[in-house]
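*Asks:*
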Amino acid sequence: MPIRLLLLDDHILFREGLSRLLVSEPDFEMVALCGTPAEALQRLKQSTVDIILLDFDLEDSTGTRFIAAAKGAGYTGKILMVTAGMNTLDSALAWKLGISGIFLKHSSPDTLLEAIRTVAAGGTWADQKLVAKAPAAPERDLGMKGVASLTPREQQVLRSVFEGLTNKEIAYQIGVSLSSVKATLQTLFEKTGVRTRGQLVRIAIERSLEPERHPHQPH
Numbered sequence: 003m004p005i006r007l008l009l010l011d012d013h014i015l016f017r018e019g020l021s022r023l024l025v026s027e028p029d030f031e032m033v034a035l036c037g038t039p040a041e042a043l044q045r046l047k048q049s050t051v052d053i054i055l056l057d058f059d060l061e062d063s064t065g066t067r068f069i070a071a072a073k074g075a076g077y078t079g080k081i082l083m084v085t086a087g088m089n090t091l092d093s094a095l096a097w098k099l100g101i102s103g104i105f106l107k108h109s110s111p112d113t114l115l116e117a118i119r120t121v122a123a124g125g126t127w128a129d130q131k132l133v134a135k136a137p138a139a140p141e142r143d144l145g146m147k148g149v150a151s152l153t154p155r156e157q158q159v160l161r162s163v164f165e166g167l168t169n170k171e172i173a174y175q176i177g178v179s180l181s182s183v184k185a186t187l188q189t190l191f192e193k194t195g196v197r198t199r200g201q202l203v204r205i206a207i208e209r210s211l212e213p214e215r216h217p218h219q220p221h
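Letter 157 of the sequence shown, counting from 1, is numbered 159 in this note's numbering, and no numbers are missing.
And the structure:
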């Protein structure tokens with residue numbers, strides 16, 4: 003069975019050029035070429051995809067936000083970042099969100115084919131140039147000693163804040179009242195010792211909370 007691929011990249015020339023490379027390989031099937039996260043999420047509902055090839059810098063969003071949305075929608079396949087570059091915090095968060103690798107666009111086409119096949123076989127891929135320049139993440143004292151004791155509901159709300167959702171959207175997504183979301187946010191502010199949603203987002207990044215697990219769905 004061929005490896006079914008979906009490519010999400012906002013540069014049309016790159017999408018089309020990479021597609022021509024991939025469809026020439028007998029063990030690959032290009033399921034969809036997508037220019038926006040919304041288009042990619044729609045295609046994921048319609049088709050079975052083994053690997054998403056995902057750019058990090060999207061026109062109005064980022065790859066990490068798309069990963070969270072795809073996982074939230076039930077996607078259980080693999081994700082390979084194919085990007086011009088990512089900083090240390092973004093790459094650390096992407097790994098925590100469950101990607102299988104990061105491939106830098108300046109590498110050769112043959113290397114990309116190798117990376118895709120490695121990921122498809124259950125392995126991981128980390129570009130050596132990216133690994134070499136990534137310093138160890140420093141420990142920061144942001145008054146977060148209470149973060150380890152967050153309840154599942156508090157972690158849900160914190161992840162939703164990271165995804166950029168409004169209080170109303172959070173309430174709808176997790177099935178609670180708006181007042182309940184506000185109360186949970188107030189508890190998060192008290193536990194973490196911060197005062198703004200932006201600081202909560204930084205906590206979600208730096209603590210790299212584990213994403214919610216979805217049961218494995220066989221193809």
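C-beta atoms are modelled at their ideal positions from N, C-alpha and C, and glycine is treated no differently.
Would you kindly work out how many angstroms separate the C-alpha atoms of Pro28 and Leu99, rounded to a whole number?
*Replies:* Roughly 30 Å between the two C-alpha positions.
*Asks:* Among the residues of its own chain, which have a CB less than 8 Å from the CB of Gly166, if the five just before and after it don't count?
*Replies:* Excluding sequence neighbours, Gly166 sits near Arg67.
*Asks:* Using only alpha-carbon positions, find the residue among Gly200, Asp129, Trp127, Ile54 that is nearest to Arg17.
*Replies:* Checked all of Gly200, Asp129, Trp127, Ile54; the closest Cα to Arg17 is Ile54.
*Asks:* Check the C-beta distance from Leu82 over to Leu56 and give it rounded, since I have them as a contact under 8 Å.
*Replies:* Right, their Cβ atoms sit about 7 Å apart.
*Asks:* Please go through the same chain and pick out, in chain order, the residues whose beta-carbon is closer than 8 Å to the beta-carbon of Val33, but skip the five residues on each side of it.
*Replies:* Excluding residues within five positions, the ones whose Cβ falls inside 8 Å are Arg6, Leu7, Leu8, Arg45, Ser49, Thr50, Val51.
*Asks:* Which residue wins for smallest C-alpha separation from Gly200, given the options Ala75, Pro111, Arg161?
*Replies:* Nearest of Ala75, Pro111, Arg161 to Gly200, Cα basis: Arg161.
*Asks:* Give me the Cα-Cα distance between Lys107 and Leu24, rounded to the nearest whole angstrom.
*Replies:* About 15 Å.
*Asks:* With a floor of 4 residues, list each alpha helix (DSSP H) that falls wholly inside the region 14 to 56, ordered by position along the chain.
*Replies:* You should have 14 to 25, 39 to 48.
*Asks:* Taking the alpha-carbon positions, what's the Ser21 to Ala128 distance?
*Replies:* Approximately 22 Å between the Cα atoms of the pair.
*Asks:* Write down the C-beta distance between Thr85 and Ile104 rounded to the nearest angstrom, noting that I regard them as a contact closer than 8 Å.
*Replies:* At roughly 7 Å, the Cβ-Cβ gap stays under 8 Å, so Thr85 and Ile104 are in contact.
*Asks:* Among the residues of its own chain, which have a CB less than 6 Å from the CB of Leu60, if the five just before and after it don't count?
*Replies:* Taken in chain order, the residues that qualify are Asp12.
*Asks:* Where Lys135 and Ala72 are concerned, what is the direct C-alpha to C-alpha distance, given to the nearest angstrom?
*Replies:* Low confidence applies to Lys135: its pLDDT is 40, below 50, so where it sits in the model is not reliable enough to give any reading.
*Asks:* Check whether the Cβ atoms of Val196 and Leu202 sit closer than 8 Å, and answer yes or no.
*Replies:* Contact flag set, yes.
*Asks:* Thr78: which of Trp97, Thr168, Gly19, Ile101 sits nearest, CA to CA?
*Replies:* Taking only the C-alpha atoms, the option nearest Thr78 is Ile101.
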